[in-house]
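Here is the structure we will look at.
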Amino acid sequence: MVSKTSCVTAGVLHLIGASFFLPQPQNQCSAAPKLGRFLFLLATLLFLGNSKVIPRRYMQMAPGIISFVELLLAVFVQEWLMHVLWCSMERFIHRMARIFCQNCFWCEFGVDTLSTLLMGLSALYVVAEVVCPPKVKAAVERTIGRVLDRLPINRGSGSLVERIKDLRCYVRGAIFFFRLTRDQRMLIINVLEVQVELAKREILEAMQADQGHYQDIAAESEEAAAGMQKQGEDKESLESSLENKEPSSEITKLISNTQNQEKPLHIDSLKHPLEFLGEEEPPECLERQDEPPFQF
1 MVSKTSCVTA GVLHLIGASF FLPQPQNQCS AAPKLGRFLF LLATLLFLGN SKVIPRRYMQ
61 MAPGIISFVE LLLAVFVQEW LMHVLWCSME RFIHRMARIF CQNCFWCEFG VDTLSTLLMG
121 LSALYVVAEV VCPPKVKAAV ERTIGRVLDR LPINRGSGSL VERIKDLRCY VRGAIFFFRL
181 TRDQRMLIIN VLEVQVELAK REILEAMQAD QGHYQDIAAE SEEAAAGMQK QGEDKESLES
241 SLENKEPSSE ITKLISNTQN QEKPLHIDSL KHPLEFLGEE EPPECLERQD EPPFQF
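Per my numbering, the sequence shown runs over residues 1 to 296.
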């Protein structure tokens, strides 16, 4: 790994504006502030401090030569990353901001600032995930969690926090994947392919089961419709047969017998209602009105 002295020296040379291998840009890369540039520089120095720039077979040389070669390599890598890569990204973002904002100064400044800050934070986060030990990352997570708990975050921002956590998991997975060997990567790819095939098979089986269920329902509905249609046809045929059929001889005989058995009602004469009352005998209670009442 590159020594801390070489990393600090490369950082100080960049801050004072000295360059040995690549010329510095003539003008400023963009109108954005230098905060994103400093974050990217810190990520670069962390990456250099945890990488081996000299092969192991050359480590038996004198320590002074090794330190000098490390310093030269650290300065070269730092200059290339900052003067070429970072400045090119800043210029590209500035051109896109000018096209998007249409010569609005505050819009261009805001887009440049936000974009460079996000790029610097992303680079620093990825390098910290790769470089820092687990204890340091756990301590930083606890500190950030306490700070976020104290902030007045609305309850509606829960989905945003979950998205950030998911993105963090994806970044960690990508970092872990690229740190594996070739054989381990191929093994993981094969496992993922098997999982994808199993998921597709389960989906196809579920679709086939649903299709069979729908076919059964359609067949039952067709059978019910056919049964109802058959009942309607039977009813219509029965009604038509009853309309066209002549009454039987037994029914005609029964009708004639009932007509012969009926006798007309003859009334000799109509009498006044009071006459019927006169013909009846008076009741006993009226005949015994002359008797004395009951005495004890």
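The beta carbon of each residue, even a glycine, is placed where N, CA and C say it ideally should be.
With the rule of 3 Cβ pairs closer than 8 Å, the segment 46-60 does not count as touching the segment 91-108. Judged by beta-carbon spacing, E108 lies beyond the 8 Å limit of A199, meaning their Cβ atoms are not closer than that value.
Taking the CA atoms as reference points, L167 sits about 36 Å from L22. Boundaries of the alpha helix (DSSP H) harbouring C107: 105-131, taken from the DSSP string. DSSP places T143 in the helix class (H, G or I) of the three-state scheme. Contact between the segment 72-79 and the segment 4-24 is present: 3 or more CB-CB pairs across the two stretches fall below 8 Å. For M89, the closest alpha carbon among the candidates G227, G36, V53 is that of G36.
The segment 79-93 makes contact with the segment 36-49; the number of CB pairs closer than 8 Å reaches 3 or more. Comparing alpha-carbon positions, the option among P25, M82, I175, R182 lying closest to V130 turns out to be I175. Assignment of I54 by DSSP, reduced to helix, strand and coil, places it in the coil class. In this chain, L81 is not harboured by any alpha helix (DSSP H), its DSSP state being neither H nor E.
From the listed residues L117, L85, D234, A138, the smallest Cα separation to P25 is found for L85.
Distance from the CA atom of K230 to the CA atom of A218, rounded to whole angstroms, is 18 Å. Here M59 carries a coil assignment [DSSP, helix/strand/coil]. A residue is called buried when at least 16 other Cβ atoms come within 10 angstroms of its Cβ; C169 does not meet this threshold and is exposed.
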